[in-house]
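For reference, the structure discussed in these notes is given below.
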Amino acid sequence: MTVQRMTDLYLDGVFRFLLSLVRDPETAADLAQETFLRLHRSDRLGGPPSEAYVLATARNTAVSWFRRRDLERRHVDVVAPEDLDPRGAASGNPTPDRDLERRELGAALEVALAGLPEELRSVFHLSEVEGLRYEQIAEVVGCPTGTVASRKHLAVRRLREHLKRSGHAL
Amino acid sequence: MRCERIETLLDAYVDRETSAEETAALETHLQECPACRRELESRRELRRLFSGRPQVTAPAGLQDRIVAAVSESEDGDRTERRGVNPASLRWRRARWPLALAAAATLAFAVVLPSLRTQEGGDASAPPFTTPARVVVPRYGEKAGQDTPVKFGGIDLGRNS
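Protein chains in written order, with our numbering: chain A, 1 to 170; chain B, 1001 to 1160.
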């Protein structure tokens, strides 16, 4: 599979996943590049990679990056998604009130997500944002399917608790 | 099923990841339990909140940058492969074993003939695997005066 085709299929998902892990768009872009370089090298011997394999490679790339850096920096630099993607912010033509409300809630969700440990955040993101099945998530994060289910449950519980504390009770 | 068990299964239920038995038990319980129905609705609300977020996409230009980086990496690999002559690489790898083999051959070539020429050697002496033993004059003895010199159990003659 050519890198052009691979990035056509998976670049947005890889970038989103890496951004959810490292919380910094520039770092996520650098790691996405490193991920596709790794995938291209491994692709020389086989056929097209699955989405789970691609995201597992992205995760391993992020883990290597965390190891090279101070782990404490993971929870710094929380960025609202509207600030990352002008195309996303421009869509929908919301009214000012609704826009403010949406931004507040979006920011609260981002803060809540940023407060989750990596293993919970990865599972939550892959399930809710990328729409992966538990079996695929298990392949990405390298744990049994039952563990994925329990991590998802724990992530939802912690997010709800955090939103409740910040006045956005569900 | 008890409410505590239902609560742990609700997220998997929303994700359609429960087994057929679990789904049936959950749905039976949900029909009878308003508290668990509220829990289910709050999970669905959380999902709606997330699905309503603007979808983040990769920055413009990142794909071109990655394609260029992969192409550059391939060029680098080709240059690296061209820069090393395979024959010289094989020679570099074989250099040390060859040097050791040459040294061992040289050692045998020098030592063996000198031992074989000692026809008067002790026929019952052990082979060369015996630790080398050189008999030297004791303290006080005069060297070169009928002192037997042996190496590996073979009498190499006398100092005279």
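Backbone N, C-alpha and C define an ideal beta-carbon position, used for all residues, glycine too. Given the structure is predicted, the values throughout are model-derived calculations rather than measurements.
Reference residue i; option with closest CA among the options
i: A:T57; options: A:Y10, A:R158, A:G146; result: A:Y10
i: A:R160; options: A:I137, A:M1, A:G115, A:L132; result: A:G115
i: B:E1074; options: A:P48, A:V63, A:G106, A:H40; result: A:H40
i: B:T1057; options: A:R157, A:P25, A:R165; result: A:P25
i: B:E1032; options: B:M1001, B:T1018, B:A1060; result: B:M1001
i: B:L1062; options: A:R157, A:V3, A:H153; result: A:V3
i: B:L1030; options: B:E1045, B:E1072, B:R1005; result: B:R1005
Contacts around residue i, its chain only, beta-carbon distance under 7 Å, and the 5 residues preceding and following it disregarded
i: A:A28; result: F15, L18, L19, V22
i: A:Y134; result: T145, V148, A149
i: A:R151; result: E119, L120, V123
Residues that residue i contacts on chain A, provided the C-beta gap is smaller than 8 Å
i: B:E1017; result: R133, Y134, A149
Contact list for residue i against chain B, beta-carbon separation under 7 Å
i: A:L37; result: A1069, V1070, S1073
i: A:L105; result: L1049
i: A:L19; result: V1056
i: A:H40; result: V1070
i: A:A52; result: Within 7 Å Cβ-Cβ: nothing; A:A52 doesn't reach chain B, min ~15 Å.
Chain-order list of residues whose beta-carbon lies under 8 Å from that of residue i (same chain, five-residue window excluded)
i: A:L205; result: The first residue shown for chain A is 1 and the last is 170, placing residue 205 of chain A beyond what the model contains.
i: A:A155; result: L116, L120, R121, V123, F124
i: B:A1035; result: C1003
i: B:D1011; result: R1043
i: A:M1; result: D43, G47, P48, P49
i: B:S1019; result: none
i: B:L1100; result: none
i: A:R158; result: A112, G115, L116, L120
Beta-carbon neighbours of residue i, restricted to chain B and to distances below 9 Å
i: A:G167; result: Within 9 Å Cβ-Cβ: nothing; A:G167 doesn't reach chain B, min ~14 Å.
8 Å Cβ cutoff met for residue i and residue j
i: A:E128; j: B:R1047; result: yes
i: B:E1007; j: B:E1039; result: yes
i: A:L31; j: B:A1069; result: no
i: A:Q33; j: B:R1065; result: yes
i: A:T35; j: A:T7; result: no
i: B:L1049; j: B:L1026; result: no
i: B:T1023; j: B:Y1013; result: yes
i: B:R1053; j: A:G106; result: yes
Proximal chain A residues relative to residue i, where beta-carbon distance stays under 7 Å
i: B:G1008; result: Residue identity check: residue 1008 of chain B is Thr in the sequence provided, not Gly. Those within 7 Å of B:T1008 in chain A are H153.
Residue i: contacting residues in chain A (beta-carbon distance under 9 Å)
i: B:P1034; result: Per Cβ cutoff of 9 Å: no residues; B:P1034 is ~17 Å from chain A at best.
Own chain partners of residue i with C-beta closer than 6 Å, once the 5 adjacent residues on each side are dropped
i: A:E130; result: G13
i: A:E51; result: none
Interface residues of chain B facing residue i [CB-CB closer than 8 Å]
i: A:S127; result: D1015
i: A:P25; result: P1059
Inset, instruction - At 4 residues or longer, and completely inside the region 1037 to 1084 of chain B: list those alpha helix (DSSP H) runs for me, N to C. - result: 1062 to 1083
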